[in-house]
Each structure stands twice: as C-alpha cells, then as structure tokens.
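Colleague: Each residue of the sequence shown is one higher than the last, beginning at -7 in our numbering.
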Amino acid sequence: ADETARTVVQRLKGLYMDRLRPIELESHAAHFHEAAITASELEARPQVLLVGQYSTGKTSFIKWATGIESSFFDIRPQPSTDKFMAIVHGDEEKVINGDAATCLPELPYSGLSKFGSTFLSKFQVLVENAEILNHVTFVDTPGVLSGDKQRTSRGYDFVKVCQWLASRCDLVLLLFDAHKLDISDEFKEVIQAMRGDGDKCRCVLNKADEIDGENLVKVYGALMWNLGKILNTPEVARMFIGSFWDQEYRRRDLERLLNQDRRDLLQELHDLPRSVCVRRVN
-7 ADETARTVVQ
3 RLKGLYMDRL
13 RPIELESHAA
23 HFHEAAITAS
33 ELEARPQVLL
43 VGQYSTGKTS
53 FIKWATGIES
63 SFFDIRPQPS
73 TDKFMAIVHG
83 DEEKVINGDA
93 ATCLPELPYS
103 GLSKFGSTFL
113 SKFQVLVENA
123 EILNHVTFVD
133 TPGVLSGDKQ
143 RTSRGYDFVK
153 VCQWLASRCD
163 LVLLLFDAHK
173 LDISDEFKEV
183 IQAMRGDGDK
193 CRCVLNKADE
203 IDGENLVKVY
213 GALMWNLGKI
223 LNTPEVARMF
233 IGSFWDQEYR
243 RRDLERLLNQ
253 DRRDLLQELH
263 DLPRSVCVRR
273 VN
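#1: Would you call Leu96 buried or exposed, if buried means 16 or more other Cβ atoms sit within 10 Å of its Cβ?
#2: Excluding sequence positions up to five away, which residues of its chain have a Cβ less than 6 Å from the Cβ of Leu165?
#3: Quick check: what's the CA-CA separation for Leu4 versus Lys192?
#4: Nearest by alpha-carbon distance to Arg230: which of Glu260, Ile203 and Ser63 is it?
#5: Taking only the alpha-carbon atoms, compute the straight-line gap between Val211 and Arg255 and give it to the nearest angstrom.
#6: Taking just the CA atoms, how far does Glu178 sit from Lys141?
#7: Let me make sure I understand the geometry here. Which of Leu104, Ser32 and Ser176 has the alpha-carbon closest to that of Phe76?
#8: Mapping the DSSP letters down to three states, classify Lys141 as helix, strand or coil.
#9: For Ala214 and Leu173, which I take to be in contact (beta-carbon distance under 8 Å), what is that distance rounded to the nearest angstrom?
#10: Check each candidate in Asn218, Glu227, Arg243 and Tyr101 and name the one with the smallest Cα separation from Gly205.
#11: Who pairs with Gln39 in a beta bridge, going by DSSP?
#12: Over the uninterrupted beta strand (DSSP E) stretch that includes Arg194, give me the two end residues.
#13: By a C-beta neighbour count over all protein chains shown, 10 Å radius and 16 as the cutoff for buried, is Val296 buried or exposed?
#14: What does the alpha-carbon distance come out to for the pair Thr58 and Pro38?
#15: So, with DSSP's three-state summary, where would you put Asp253?
#16: Is there at least one non-hydrogen atom of the ligand COA closer than 6 Å to the beta-carbon of Thr225?
#17: Which residue's Cα is closest to the Cα of Gln121: Val87, Val136, Lys152 and Leu137?
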C-alpha cells in the first residue's frame, strides 16, 4: 500500500509540474493566492501537527508515539516548548535550525521562510532514527498562551504559522488537558483558522487517567460544548480520550476505555501513508 501511494504521488507531481505549474507562473498566482506547491511538499511523508495550550502533553505525546528519548525534548509542568519543531527520520540524531531547514530541498519547509527571521529562529528540525518516522513526521508547537503580552512579544504571527502548517499536514491533533478546559482567545483563533482543514482535525483529551468516570463525563461534555461554539459546525470532531505518555495510568477504573482510544489513535497514525495520495489531490 505504501509503494502504491508513493507511485500515485510521483505521478501527481509529474502532472502538477508539467500542466499546472506553468499556468501558476504565467498568471502570477502566488501574488493573490497560496504560493506554488514545491516538489518536496508533494513528496513529503505524512505530517501530524500537534497544537494545544501549554502543558497539555504535546511533546510527551510525541515521545510516547515515537519511543524517542532525547535531550531535545523539554518536558516540564510550566510552559517549556518555545519552538516549532519538526521531528523527521534520519540515521543519527541532529538538530537543523530554521534558516538551514528552509533551504534544504529534501525538507518541505521552504515556504516557512516568508514568516521572517524571528520565526525561523524559533523553528527547528529534529532528526531521529525511529521506526514510525519512516512513515510519519510529527510537528510540535509552542503552547498557546493567553494575554496580549505573550501574543505581541512573539515577533511573528503564530496563528498564520499554524494555519500554514495545518494546510500542509495530513492530521491535526488538538490537545486538551482534562484539568484545564478553558480555551484562551489565541487558541480559539488558531482553531477557527483551521476550519478549512476541519476534516483533518482530531481532538485529544489528555491526562484523563487522573479523574474518575463521573467527572470524565462532565469534562467530555463541557469540552465538546465549548468546541461546538468555536467551530460552529454541526459535525462533532472525533475525540480521543487517554493519557498519552510512557507512564502507568494513575487510575485503573477507566483502563479499558483509555486503552481502546490509544489503539484507535495509533491505528490512525499508521493508516496515514495509505491515504496520503487522496490528501495530496485535495
């Protein structure tokens, strides 16, 4: 299935470069629409974007999904990840800084250069030799904060960057902490900016092993209610409930439910390469 998908993508790339790309160049489409799709974007492995407020477990999720133990993963209770980081496959561990990463033709991130040097100083590519990275690339993001001070001090448009990444990723995971259901204004803006890619979005209610079943029902209902008002759509986003890290569950009464959603989410990650050609057409 992976080989078939790669063959289809290669043929799609040929059609695009031969038929559509000349029209885009002739009409200067990049001036009034998105920039042209690059060959590296078409050929890229499926990408998973993780977005959420601070300390919702985004980096811990990647560590759990990949099995990677790396000093470059900064995991703390307080806001810790202050960079956008793509985790890609390679033979040995290394970090590629943003300026270099946007210049490498084998990486699909050249379009990020339009967000300026301040953003590029906050973007890195981490190369790791993990099996799952042969099939899927993960993109970690800084925790979304609240308040004008944090938003204005970034030096780049956080919402626009997330929107650009979401449009090019194949799956977007919105992470929520079961203990902190308030959604900041900036996170609302990020979610609303991704409406056009709503079919890729999945919600993850993390750290659910720390509350009992009765409270979990209340938390689930409140979160779905809040998301419904933000998304303003009749469709309900798929919600995965669990504790996505490499530690034992703190409570065992919901173990069966949490394990099932863990398996379902892992299955969705493993199925991404099979449907990549359909998303490339879209």
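We put the CB at the ideal spot given by N, CA and C, even for glycine.
Modeller: Answer, in terms of the structure:
#1: By the Cβ neighbour-count rule, Leu96 is exposed, with fewer than 16 other Cβ atoms within 10 Å of its own.
#2: Around Leu165: Leu42, Arg194 and Val196.
#3: Inter-residue distance for Leu4 and Lys192 is about 21 Å (C-alpha atoms, whole angstroms).
#4: Scanning Glu260, Ile203 and Ser63 for the CA closest to the CA of Arg230 turns up Glu260.
#5: Cα-Cα distance, rounded: 22 Å.
#6: Note that Lys141 has pLDDT 47, beneath the 50 cutoff, so the model's placement of it is unreliable and no number is given.
#7: Of the candidates Leu104, Ser32 and Ser176, the one whose C-alpha sits nearest the C-alpha of Phe76 is Leu104.
#8: Note on Lys141: pLDDT 47, under 50, position unreliable in the model; no value is reported.
#9: Indeed, because the Cβ distance is near 6 Å, the residues count as touching under 8 Å.
#10: That would be Arg243, whose Cα lies nearest to the Cα of Gly205.
#11: DSSP, once it has assigned bridges, lists Thr129 as partnering Gln39.
#12: First-last of the beta strand (DSSP E) with Arg194: Cys193 to Asn198.
#13: Since the first and last residues shown for the chain are -7 and 274, residue 296 lies out of range.
#14: Rounded to whole angstroms, Thr58 to Pro38 spans 15 Å at the Cα level.
#15: Three-state DSSP puts Asp253 in a helix.
#16: Of ligands this structure carries none, so the ligand COA is not represented either.
#17: Per the sequence shown, residue 121 should be read as Asn rather than Gln. Between Asn121 and the set Val87, Val136, Lys152 and Leu137, the nearest pair of CA atoms involves Val87.
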